[in-house]
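Down below is the structure, laid out as structure tokens.
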Amino acid sequence: MMGITIITTMTMSTAITTMTEATTSALLRLMTWLSPAFPVGAFACSHGLERAIDERLVRDRASLIAWLEVLLKRGSAWNDAVLLAEAWREVIASGSCAEVAELAEAMAGSRERHMETMLQGVAFAAAISAWAGEPEKTEMRIAYPVAVGQAAAQHGLELEDTLAAYLHAFASNLVQAAVRLVPLGQRDGVKAMAALEAVIRRTAERAAVSTLDDLGSSVFMSDIMAMRHEVQYSRVFRS
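Each residue of the sequence shown is one higher than the one before, starting from 12 at the first, in our numbering.
Take a look at the structure:
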């Protein structure tokens with residue numbers, strides 16, 4: 012009996028260690044993929060925020076938090092989360108997410124919103140090839156949230172964790188843009204992210220159980236700002 016107990020204990024210990032390593036590896040992968048340093052060009056995009064700041068719609072920390080909160084709850088970030096979740100599920104079910112990829116591209120509301128999501132998607136798909144030891148897939152055309160959902164499914168990453176990381180990266184990138192443009196101090200930027208933490212978590216939870224029927228945005232002003240930004244005379248950001 013002692014021998015059996017020892018073997019069982021060792022087996023459980025090995026299993027726990029393996030699970031911990033897998034969880035840590037998944038966390039590290041998400042942190043890397045959705046880091047500001049990951050080469051997708053997110054640093055060059057303001058998602059129309061630059062125009063909103065130019066028109067004084069976003070002018071301080073409070074108005075920035077309000078702007079981002081509505082994008083996360085029922086705007087472009089919410090739609091991205093729904094598309095990411097659907098791509099993840101399609102890859103798990105069939106190995107392909109071609110249909111949702113077409114839908115995501117078609118949903119881009121303006122020229123630069125299309126450029127933003129497609130260029131970042133292509134860059135992301137190329138960069139993650141490093142994890143598979145494959146040549147960069149520079150020919151792949153895919154919207155950014157779909158690319159992230161596809162990769163997460165292929166690498167065995169949990170959907171809700173991926174959604175939370177994606178939405179956090181979305182908000183963090185725009186907060187950093189506002190820090191430069193409003194301008195805000197770094198402390199205000201950190202406070203904005205702290206204020207958005209619960210919103211990001213709840214949005215990820217909702218998106219994890221969403222379907223394509225949940226797609227939809229009521230944040231028209233953000234779309235208008237993105238279109239006006241295309242013709243802005245002087246600007247820092249690409250979109």
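Glycine is no exception: its CB is placed at the ideal position from the N, C-alpha and C atoms.
Predicted, not measured: the structure shown is a model, and the values here were computed from it.
{"Query": "Looking at the secondary structure, which residues open and close the alpha helix (DSSP H) in which I139 lies?", "Result": "Looking at the DSSP string, I139 is not in any alpha helix (DSSP H), and its letter there is neither H nor E."}
{"Query": "Output the distance between the C-alpha atoms of P156 and L95, rounded to the nearest integer angstrom.", "Result": "5 Å"}
{"Query": "Hey, how far is the Cα of Q131 from the Cα of T31?", "Result": "31 Å"}
{"Query": "Check whether the stretch 63 to 79 touches the stretch 153 to 167, counting contact only when three or more Cβ pairs, one atom from each stretch, lie closer than 8 Å.", "Result": "no"}
{"Query": "Between R67 and M236, what straight-line distance do the alpha-carbon atoms span, to the nearest angstrom?", "Result": "11 Å"}
{"Query": "Under three-state DSSP, which class holds S107?", "Result": "coil"}
{"Query": "If you measure from the beta carbon of P50 to each beta carbon in chain B, is any gap under 7 Å?", "Result": "Included in the structure is just one protein chain, with no chain B present."}
{"Query": "Cα-Cα, which of A188, A182, Q187 is closest to E208?", "Result": "A182"}
{"Query": "Please name the residue in V201, A137, H179, V193 whose C-alpha comes closest to that of E61.", "Result": "V193"}
{"Query": "If I follow the unbroken alpha helix (DSSP H) through I8, where does it start and stop?", "Result": "The chain is shown only over 12 to 250; residue 8 falls outside these bounds and no answer can be derived."}
{"Query": "Beta carbon of L41, beta carbon of V210: below 7 Å?", "Result": "no"}
{"Query": "Between the stretch 222 to 240 and the stretch 108 to 121, are three or more C-beta pairs nearer than 8 Å?", "Result": "yes"}
{"Query": "Go ahead and pull the three-state DSSP assignment for R246.", "Result": "coil"}
{"Query": "Indicate the three-state DSSP secondary structure (helix, strand or coil) for L45 in the structure shown.", "Result": "coil"}
{"Query": "Is the beta carbon of L170 less than 7 Å from the beta carbon of W89?", "Result": "no"}
{"Query": "Output needed for L226: all residues of its chain with C-beta closer than 6 Å, excluding positions within five of it in sequence on either side, in chain order.", "Result": "N90, V93"}
{"Query": "What's the gap between the Cα of M129 and the Cα of I153?", "Result": "6 Å"}
{"Query": "Assuming the contact rule is C-beta atoms closer than 8 Å, A251 and F135 should be a hit. Round their C-beta distance to whole Å, please.", "Result": "Shown here, the chain extends from 12 to 250; a query on residue 251 therefore has no answer."}
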